[in-house]
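Trainee: Everything in the sequence shown is counted per the working numbering, starting at 397 for the first residue and increasing by one.
Heads up, the beta-carbon is just placed ideally off N, CA and C, and yes, glycines get one too.
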Amino acid sequence: MAYAHDVGDYGYSEYEDDGYDAPQASSNKLISFTNVIGAVLSIGLIIGLCVWGYRLVQRDVSGIPVVQAAAGEMRVRPTDPGGQLASNQGLAVNAVAAQGEAEKPAETLVLAPPPPDLSDQDLPKPTPSAAPVQQPEPLDIANALESGELETLVARLTDAAEPLELVATDLSKRVTVEPSTEVAAKVQTTEKPQVVPASLPGTAWSKRPALRPAVQAVVTPVVAPEPVETGPTELAAADIPAGTRLVQLGAYDSAETARKEWDRFKGRFGEYMTDKDRVVQRATSGGRVFYRLRAHGFADLSDARRFCAVLVAGKADCIPVVTR
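Next comes the structure, spelled out in structure tokens:
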């Protein structure tokens, strides 16, 4: 069974206009006015920045700097500066150099304050005085001799003195001398020198014999032997065992040239080549004959390298090598 219903009649009244969809004229006008003001301000700000930048560039490029003096005095001394007067100010002697004449007497004179007194701890400490020493009365020896009071004078002179007998006894107790038998035997066996009596004729007026002159050592000049110049020791290359450390100084066309170069090296580096032997080795390379100049006498590779370092520092050629 089919039912037909009208949509408009199914529980709803017909559409009524409540006024919500109607445009609001006042709000639209406010938004438009705000947008216009923002656009104008933005355009004005942009134009102002452009003008300010253009003027700034033109001033830096073609502008003339203007220096204007400041108006008024640069420094003004205050009427009442305050503070305390320095020790070199306010003296009458300064007016002589400044004005050419002495300054007038001051109207007010102020005396300087008295110096402060020292405290008890700053005062010097008193030094203890020594007790006076009683000097003995002087002895009148002349009057005592005239009056015959010798015993009284002797008693005063020997007052508080020990007798010599007591001193001798004390010393004998302290020191005991034990005679040595060896010294006594030597004294007894020593013969007394024979003395010629003066009564014999000729003894009183004879002269003493002159002393025997001292024997002077005869110094014979000895000529120092002249040092014998020995030529450098040259070793044959065939006699040197394989593995020996050598130093090659160069390669030359002839053996004579190599020996002359050795002498030149020795003249420049003599202190380093005194214990080194010369080695001239004949070699062939590419059909050409040449002679190698080498030095022998190195303990190890480090010794050879140190030797080469000295020669290279002196602008000379030097290469450590090993015999094969």
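Using DSSP with H/G/I as helix, E/B as strand and the rest coil, what is R471?
Mentor: On the sequence shown, position 75 is the one that residue 471 refers to. Three-state DSSP puts R471 in coil, outside helix and strand.
Trainee: What are the start and end residues of the alpha helix (DSSP H) that includes G646?
Mentor: Within the sequence shown, residue 646 is the residue found at index 250, counting from 1. Taken as a continuous stretch (DSSP letters only), G646 belongs to no alpha helix (DSSP H), being part of the beta strand (DSSP E) at R641 to Y648.
Trainee: Count the other C-beta atoms from every protein chain shown that fall within 10 angstroms of the C-beta of F703, then say buried if there are 16 or more, exposed otherwise.
Mentor: Walking along the sequence shown from the start, residue 703 turns up at place 307. By the neighbour-count rule (16 or more Cβ atoms within 10 Å), F703 is buried.
Trainee: Could you give the distance in angstroms between the alpha-carbon of R684 and the alpha-carbon of D649?
Mentor: Position 288 of the sequence shown, counted from the start, is the residue given in the question as residue 684. Position 253 of the sequence shown, counted from the start, is the residue given in the question as residue 649. R684 and D649: Cα-Cα distance of roughly 9 Å.
Trainee: Just to confirm my understanding: we take A634, look at its own chain, exclude 5 residues before and 5 after, and list those with CB closer than 7 Å. What are they?
Mentor: Translated into the one-based positions of the sequence shown, residue 634 becomes position 238. Cβ neighbours of A634 beyond the five flanking positions: none.
Trainee: Give the secondary structure of D659 by DSSP, where H, G and I count as helix, E and B as strand, and everything else as coil.
Mentor: The count along the sequence shown starts at 1 and reaches residue 659 at position 263. If DSSP states are grouped into helix, strand and coil, D659 belongs with the helices.
Trainee: So what's Q677 in DSSP terms, helix, strand or just coil?
Mentor: Residue numbering aside, residue 677 sits at position 281 when the sequence shown is read from its first letter. In the structure shown, Q677 sits in a strand (DSSP, three-state: E or B).
Trainee: Measure how close the beta-carbons of T629 and D696 come, nearest whole angstrom, since I'm counting them as under 8 Å.
Mentor: Counted from its first residue, the sequence shown places residue 629 at position 233. Counted from its first residue, the sequence shown places residue 696 at position 300. Not quite, the Cβ-Cβ distance comes to about 21 Å (not below 8 Å), so this is no contact.
Trainee: What residue does the beta strand (DSSP E) around R701 start on, and which one ends it?
Mentor: In the sequence shown, counting from the first residue as 1, residue 701 sits at position 305. From DSSP, R701 is part of no beta strand (DSSP E) but of the alpha helix (DSSP H) over L697 to A709.
Trainee: In the DSSP assignment, what are the bridge partners of P716?
Mentor: Within the sequence shown, numbered from 1, the residue matching residue 716 stands at position 320. For P716, which the question treats as bridged, DSSP gives the partners V643.
Trainee: Specify, as a first and last residue, the run of the beta strand (DSSP E) that Y668 falls within.
Mentor: As a working note, residue 668 is residue 272 in the sequence shown. Premise fails: Y668 is in no beta strand (DSSP E) and is neither H nor E.
Trainee: Expressed to the nearest angstrom, what Euclidean distance is found between the alpha-carbon atoms of V453 and C446?
Mentor: In the sequence shown, residue 453 corresponds to position 57, counting from 1. In the sequence shown, residue 446 corresponds to position 50, counting from 1. Answer to the nearest angstrom: the Cα atoms are 11 Å apart.
Trainee: Give me the Cβ distance between E657 and L645, rounded to the nearest whole Å; I'm assuming they're in contact under 8 Å.
Mentor: Mapped onto the sequence shown, residue 657 falls at position 261. Mapped onto the sequence shown, residue 645 falls at position 249. Confirmed, Cβ separation roughly 7 Å.
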